[in-house]
Amino acid sequence: MWPYVSWRFTNKNDIIGISTTYWGLLSIAFAVLIGVLLLGWTYDVVLGLWREHLTVVQERNPFTTYKINAPVGLILSQTNTILRKTSEDNPEILRHCDFIDRWLEWNADQEIWARTMSSWKEIIGEEDPYLFHLSEKARERLEEAAKEIQDF
C-alpha cells in the first residue's frame, strides 16, 4: 500500500515549515469535527429533538413518576418513620406520612418488589427480610408473590 500513497508524503511544498499534506489532513479533520458539532447543535438547539426525547423518556418511566423499587422504598419507609416520630403533634406531617405509607403499600404489590424479596431470600440467603412498614396482609402477599417468581 505504501508505494501508492508515499508520493503524498514526499511533497516539497511547506507552509510555516509543515508539509502541505499535513495541513490538508488537519483541515479534513477539523472539517469533520465542525460538521459533527454543527449537526449535534442543530439536532439539539434548533430542532430541540434531544431534549424532547429525554422528556418523553422521563415521562414514560414509571420509576420517575409513581413506582419505587424496594431498596429505595426501605430508605423512604425509614425516613418516614423518623419523620412520624419527630412530628407526632403536627397533623399535616402525619397526613403526609400516611400518604407515604399507602404509596409504599401499593408499591409492595408490584412485581419488582416480589423480585427483590425473592432475590433477598434465594440469592442473598436472607431468611426473613422483614419490612416493618408494610401491614401484615401486604407482607403475606409479597411473600407469596416472591415464591412464584423465577430467579435467573
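If you're matching positions, the sequence shown starts at 927 in this note's numbering and goes up one per residue. Backbone N, C-alpha and C define an ideal beta-carbon position, used for all residues, glycine too.
What is the C-beta distance between residue i and residue j, in whole angstroms, given that I count them as a contact (C-beta under 8 Å)?
i, j, result
"E1031", "S1061", "7 Å"
"N1033", "I1001", "Their Cβ separation, rounded to whole angstroms, is 13 Å, which puts N1033 and I1001 out of contact at 8 Å."
"M1043", "L1068", "6 Å"
"Y969", "L963", "Contact doesn't hold; Cβ gap of about 11 Å is too wide."
"I941", "W949", "6 Å"
On a CA-only basis, which of the options is nearest residue i? Give me that one, please.
i, options, result
"E1070", "R1041, V971 and G1051", "R1041"
"T1005", "T946, L1068, R986 and I1026", "I1026"
"L931", "T947, L980, E1053 and R1065", "Residue identity differs from the one stated: residue 931 is Val in this sequence, not Leu. Checking every option, the nearest Cα to that of V931 belongs to T947."
"I1008", "E1018, L965, C1023 and V998", "C1023"
"A996", "V962, A957, W1046 and H979", "W1046"
"I1075", "G961, E1048 and R1065", "E1048"
Under three-state DSSP, which class holds residue i?
i, result
"I941", "strand"
"L975", "helix"
"T936", "helix"
"H1022", "helix"
"K993", "coil"
"G886", "No statement about residue 886 is possible, as the shown extent of the chain runs from 927 to 1078 and does not include it."
"I1075", "coil"
"S1013", "coil"
"S1061", "coil"
Any chance the segment 1031-1044 sits against the segment 1008-1016, with 3 or more Cβ pairs inside 8 Å?
-> no
Any chance the segment 1049-1060 sits against the segment 1017-1031, with 3 or more Cβ pairs inside 8 Å?
-> yes
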